[in-house]
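Keeping their order, the protein sequence lines are chains A, B, C and D. Here the first sequence is numbered in our numbering, starting from 584 and rising by one per residue. Here the second sequence is numbered in our numbering, starting from 584 and rising by one per residue. Here the third sequence is numbered in our numbering, starting from 584 and rising by one per residue. Here the fourth sequence is numbered in our numbering, starting from 584 and rising by one per residue.
Protein chains: 4
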Amino acid sequence: MLAITLSADWEPREGARLTSNELAGHFAGDARQVWRNPHFQLGQRPLPRIDAPGDVIVKVHRAGIARSNCKMGDSDAEGYVLLPYRMRLPLIPGHEIAGEIVEKGTAVRHLQVGDPVAIQALQPCGSCRACLQGKPNQCLETGFSGFTSDGGMAQYFVTSARFVHSLLPVAERFGFDRAMDVGAVCEPAAMAYVGLFRQAGGFLPGATIAIFGCGPIGLSCVSLARCAGAAKIVAFDRTQNRLRHALALGADMAVNVRDAADQENGVSEALLEFSGGMGIDLVIEATGDAWNLFPQFEKALAIGAKVVSLGVERKPMPISLFPYQETGAWLTGTMGHIGGFEPLIALHASERMDLSTIIDARFDLANGLQALQVASRFDEAKVVLLPHAEPASIGDAQAI
Amino acid sequence: MLAITLSADWEPREGARLTSNELAGHFAGDARQVWRNPHFQLGQRPLPRIDAPGDVIVKVHRAGIARSNCKMGDSDAEGYVLLPYRMRLPLIPGHEIAGEIVEKGTAVRHLQVGDPVAIQALQPCGSCRACLQGKPNQCLETGFSGFTSDGGMAQYFVTSARFVHSLLPVAERFGFDRAMDVGAVCEPAAMAYVGLFRQAGGFLPGATIAIFGCGPIGLSCVSLARCAGAAKIVAFDRTQNRLRHALALGADMAVNVRDAADQENGVSEALLEFSGGMGIDLVIEATGDAWNLFPQFEKALAIGAKVVSLGVERKPMPISLFPYQETGAWLTGTMGHIGGFEPLIALHASERMDLSTIIDARFDLANGLQALQVASRFDEAKVVLLPHAEPASIGDAQAI
Amino acid sequence: MLAITLSADWEPREGARLTSNELAGHFAGDARQVWRNPHFQLGQRPLPRIDAPGDVIVKVHRAGIARSNCKMGDSDAEGYVLLPYRMRLPLIPGHEIAGEIVEKGTAVRHLQVGDPVAIQALQPCGSCRACLQGKPNQCLETGFSGFTSDGGMAQYFVTSARFVHSLLPVAERFGFDRAMDVGAVCEPAAMAYVGLFRQAGGFLPGATIAIFGCGPIGLSCVSLARCAGAAKIVAFDRTQNRLRHALALGADMAVNVRDAADQENGVSEALLEFSGGMGIDLVIEATGDAWNLFPQFEKALAIGAKVVSLGVERKPMPISLFPYQETGAWLTGTMGHIGGFEPLIALHASERMDLSTIIDARFDLANGLQALQVASRFDEAKVVLLPHAEPASIGDAQAI
Amino acid sequence: MLAITLSADWEPREGARLTSNELAGHFAGDARQVWRNPHFQLGQRPLPRIDAPGDVIVKVHRAGIARSNCKMGDSDAEGYVLLPYRMRLPLIPGHEIAGEIVEKGTAVRHLQVGDPVAIQALQPCGSCRACLQGKPNQCLETGFSGFTSDGGMAQYFVTSARFVHSLLPVAERFGFDRAMDVGAVCEPAAMAYVGLFRQAGGFLPGATIAIFGCGPIGLSCVSLARCAGAAKIVAFDRTQNRLRHALALGADMAVNVRDAADQENGVSEALLEFSGGMGIDLVIEATGDAWNLFPQFEKALAIGAKVVSLGVERKPMPISLFPYQETGAWLTGTMGHIGGFEPLIALHASERMDLSTIIDARFDLANGLQALQVASRFDEAKVVLLPHAEPASIGDAQAI
């Protein structure tokens, strides 16, 4: 089958401490320590096979390109991978996957051949202390399709039926094709769902919400905030296209953060004005580049506010705790998408929301490497591969 | 000014135990113990006056007729009042009030003459143990406009500015008249809001919700459930008009409970089918007549379900706890509207919902006694008095 | 090895609806439908073997006798089992198990041969909708050692290491024998822990708590309530020995419910007096026979109270919802012990509590059938089997 | 009566923006803007009088000296006050007050002359948006005895009965004198209670807890953590006396933070070792000087951990959010003591805890200025004034 493969050389850095597990499996807990000269290739790969009675094979109809996919091939001056993730190479990337079941193991009951499905890429271990506490998104030894095993940028994909969510309710109401589009955006949307509702505990209907960063996760937050009863939503980003999406998905105001940042306290004043002086009930940080934003958030917290960090960034933020004491506000971070697929599918099936509209560009798999380049400009909200589309059926026009 | 007054004779039943407070003030903790021969009258009453620097006088433009208003004049075989409420008579009833401020005390800063407002009828004491725990809706010594002091079925009304919520954001967007309609339904809607979100803690977006009873509170639950991200909503009632309202406000299915009740387990089977066998995440009981419903609910509880009792009924229900153990479900009751007005006004101002549509009939105050009779048929979702309307301006036509 | 076995005849009742699964496996979803003439036997059984690389074999040093064990052998007039549980027969009963690991599969890393351990009898499936929602205690297809597979009333026992909790911290501080005693009572104590803290969400330190029923679960509630900061604890039971245990574990008052029940409203008045008129913050129902108690609880609820049902009873209770509305109280039920073992072991290891004292009688396995009879009197708080004890080492004296 | 008075000159800084309210009342929202040359004096002041029917006069038997009292008299190079608090001068400081009621207004029912009481210094407005949301500790316009009106470093004190908590249950069990000692430490203990249980939502029994800073608030956290079921408690401070107190109140380990800070990652490694590698479930920051601590906390967070900031510090902390994402941890701040007095009194009355032991030194009021100096060394856990003690009755010996 046709597939995109990421390869690199196994050259542990001097002084890298590797476990016997890592050494045996050419698997890195932190890719930066061992993988050198990463590069994508397009080519033929063997068809996946059913290994266990609970497995299913999925014919991939959509494979979304995530920000991390764009970064996977980047390397530092010495040629080492930049992403600090767990990674086993070579492998087929792609963790935003929708398709139809074409084969199933003998133990799979709830799914049928032909079912349209979305894939949960995280595969929690079930027995670490996070899993035992009912926090599978914090699993300490999770598998992750597209990072620790082959993902979806290919024509077929195999996984356990436990990690497969049926899109049948969407397909029955809106057709197979729309179901595939919805399935393609379920992964980032589920990250948003988990962050807003499972980790942060949601908000009261009538709340005022600010969302920083309108990538697929931030846009999902806009749509979910609207869907769950926020009375006022303001979205910030640096890209006009993404701000347009935010407005279309239900934001009441969209601000180019460059404009607000021109003035000292520009962001905090915008937040206070937007909230009628009451402060923001829920702040969502989805930029990963919030060094300058945290000092702004803290001047515009409502009583009992929540601040949720979704953007991945390891360096410390300058956070003054006094405003959190004054307002009784909370700050938390979130990770993972487990527990987001089912409610998102239900919400789409009942037409409460439609995140398929964030797909700005579609590419057939033969043009997959070009698609990765387009996605790396980060102008589009979401770029998606269609591994079984005829090249002609998509065309240049749809690629933007 | 023109007003409706409820009067009765102070004739304590033999053996009634009354406090010195009650005796001194002709005030009854339980109206059934002392008030005899209740009757409504329409007539002139003196204008209310500002007593304290924090008071405001409201020109009443809408006074909704609640179920309890219809029952206030009913009596038993011996002529005693049937409602077991705290009541000081004679008094002007009406606790669903919207109007504009026409005069304010010297200490009132946040409100201006001319402001459109909705009235919070409950006046918690602020110092009982419920109030001190942040549960003012459970206040043990609450005042209640329309029951313990004059209410809104009159041309003017006085209260403390603390119990007044500005409708300005609604009026600015939709005009004064729509603001008044919204204000008229805020009280029952706030009961629903408090029950669903403050007492019961809400639900996760994507949930499946069942609502029993489509009076104004039940219909508000439908609209709020839709607004807050329920994926599937089923509403039950005995009246076709109310079921039509439920569908218009966002229910996905409306069931005449008489039909379902024809079969044994009709209701529980309808719930299970509606939820695709998963069970109901949130059951709202707003009928007050649920003797037969509780044994049905318990067969259709989702894992971690919540059951919220809004309907007032003192006799015990037959509730089997085993299904609550199996599913880890919770059951609670709710009372009061404090904390519901502000978010409801925000949600209406931002066009997230519109409960003004449940007003089925409008009467001028001169026809107020007739309005009470119409409302007592319980066919209309909400009947409202317009104390400053010209009789001609409403007309028979609008009274359904 | 020596073991107690429960056997019965597979004689499905007329009209019993059985799944193909049940028919194939001589397994009953509801034991009452198929199992006839149940009877215990003492005799030799083959040693258990490691089947999977994650399994461990435990040398059983303690096997507690639960209320349900006493009832397993009871039958109705036609000879059918009375317990409505899932049951596969013949099998070794016993789900309160402590011992030491004597053999382990190749994949077991965190446990060593010789480790003292307590066994979690519930084996949730991990993939039903309860498990996926992080509610494994509500698992719809859970395995249960002692009911669906062999339990601990034997000299050896096999299970997956996932269901094994190390008692090493207790043994290191208090010795192996005490660790075994603690392990023996972990199962009922974990039921209490899950009910109080995971399902009911605990209580604020300084709370007033009432506990009905002082069997092992109720006594665990007493001890946990004391341990977690209840300011006042009142316990009710019918048995003086159990009330003595309640006082020893930290109850401030112990009431024989027969005395209180003599007067109408005796229980509710006792509760109100005990709480200084404030009402009870947390009511724990652990009798399973609460028909008369619910009407009493509801007269003594504090603002925001919680009522938790732990006692198993399928018939409906007469529950008036009006007091729940007035106080904003919550009612819930609880089931299962998953999530209770680790914190209980930590609390015992740090000497915060000691539930091993509830063991009133110890029997060697050769006297196991007699032990079942003693336990069936329900005078003792907990009766325990010591499958590897020399008969002489226990003696009559210790059997009370 | 004898009293300590803090005076200063009203000399608004150039450019200070003052409201008409501040100008009229010689009241400063931020003391640093207007008050110059602050100084304490000991001398005679007129007796307080009952102004409102709800007032009570308290004969002050204990007035604790808080850290902020020690700082009130400090000034910068230009002589301006350093504390950024709301302050009306001249005034009697002291907000940790216990005494007995000697006079009461006509409307006070629940308290009697002679009752031993503890004083809640915060007087929330009841009508700001924080109060209306049930968050009185976040009140935007709160009064504060000892800062915005006369406090307790005097022989008598007047306040509203609403802010008075009866110590009768403590006095009945342990005598009047012990009740006064308990009352003296209620204020800082209530800060701890509110932070741990009302703001942070507490912890599960069996948790592992780390407390940084063993002043009166930190020590109260130790005692409350022990009382509420923490299995393991480690306390950090720089003072041996305070660490001794921590051990006496229930800490399992006490660490001089200077020792731990000697090594890089010394604190995080101590935390990980103490928790057996599981991480800390609840971190309490009560030093106000945590610049170096936050980077340590984040390396030792348990799954679902909470970090609570109690120490007052306005400058930003370097906080990396990635560990919060990985663990699903939460961070919050807390302020205020409302809602802490009642449960603390209940816990002391039932002998669940005893914080009176943290009083290290007692001074009669005639030696009050010396007491302030002793307290300013911050070696003692708590220094208390006894305004009605005979100087001889205390003596040098007790002042350490």
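For each residue, glycine too, the CB sits at the ideal point set by N, CA and C.
Indicate whether residue i and residue j have their beta-carbon atoms separated by less than 7 Å.
i: C/Gln716; j: B/Ile886; result: yes
i: B/Ile640; j: B/Gly734; result: no
i: D/Val805; j: D/Ala837; result: no
i: C/Val747; j: C/Val700; result: yes
i: C/Ile816; j: C/Ile800; result: no
i: A/Ala690; j: A/Pro631; result: no
i: A/Glu881; j: A/Ser903; result: yes
i: D/Ser851; j: D/Ala883; result: yes
i: C/Arg841; j: C/Ala964; result: no
i: A/Ser743; j: C/Arg745; result: no
i: C/Gly677; j: D/Leu930; result: no
i: A/Thr588; j: A/Pro673; result: yes
i: B/Ile633; j: B/Gly688; result: yes
i: A/Ala649; j: A/Glu679; result: yes
i: C/Ala767; j: C/Met584; result: no
Output the distance between the C-alpha atoms of residue i and residue j, rounded to the nearest integer angstrom.
i: A/Leu955; j: A/Glu973; result: 18 Å
i: C/Leu787; j: C/Ala808; result: 10 Å
i: B/Arg756; j: B/His693; result: 20 Å
i: A/Cys653; j: A/Ser803; result: 20 Å
i: C/Gly894; j: B/Phe727; result: 40 Å
i: A/Gly598; j: D/Glu597; result: 60 Å
i: A/Gln782; j: D/Gly682; result: 45 Å
i: C/Pro945; j: C/Gln627; result: Sequence inspection shows Arg at residue 945 of chain C; the Pro mentioned does not correspond to that position. Rounded to the nearest angstrom, the two C-alpha atoms are 21 Å apart.
i: A/Arg712; j: A/Cys722; result: 8 Å
i: C/Leu927; j: B/Ser858; result: 38 Å
i: C/Ala813; j: B/Ala611; result: 37 Å
How would you list, in chain order, the residues of chain C whose beta-carbon sits under 7 Å from the beta-carbon of residue i?
i: A/Arg745; result: Ser710
i: A/Gly717; result: Gly717
i: D/Arg1044; result: Coverage of chain D is limited to positions 584 through 983, which leaves residue 1044 of chain D absent and any answer about it impossible.
i: B/Thr910; result: Gln721
Which residues in chain B have a C-beta closer than 7 Å to the C-beta of residue i? List them in chain order.
i: C/Pro901; result: Pro899, Pro901
What residues from chain D crowd round residue i, counting only those whose CB sits closer than 8 Å?
i: A/Pro707; result: Within chain D, no residue comes near A/Pro707; the closest Cβ sits about 12 Å away, beyond 8 Å.
Report the neighbours of residue i on chain B: residues whose CB is nearer than 8 Å to its CB, in chain order.
i: A/Pro926; result: Leu787, Pro788, Gly789, Ala790, Ala814
i: C/Ile886; result: Arg712, Ala713, Gln716, Lys718, Gln721
Name the chain A residues that come within less than 8 Å of residue i, Cβ to Cβ?
i: B/Asp835; result: Ser933
Counting pairs of beta carbons, one from the segment 661 to 674 of chain C and one from the segment 749 to 757 of chain C, are three or more of them closer than 8 Å?
no
Evaluate contact between the segment 758 to 775 of chain C and the segment 930 to 945 of chain C, counting only Cβ atoms and requiring at least three cross-stretch pairs below 8 Å.
yes
Any residues in the segment 772 to 801 of chain C with a beta carbon nearer than 7 Å to a beta carbon of chain D? Which ones, in chain order?
Phe780, Gly785, Leu787, Pro788, Gly789
Check each residue of the segment 666 to 696 of chain B: if its Cβ is closer than 8 Å to any Cβ of chain C, include it; give the result in chain order.
none
The segment 850 to 884 of chain A: which residues have C-beta closer than 9 Å to a C-beta of chain B, in chain order?
Gly859
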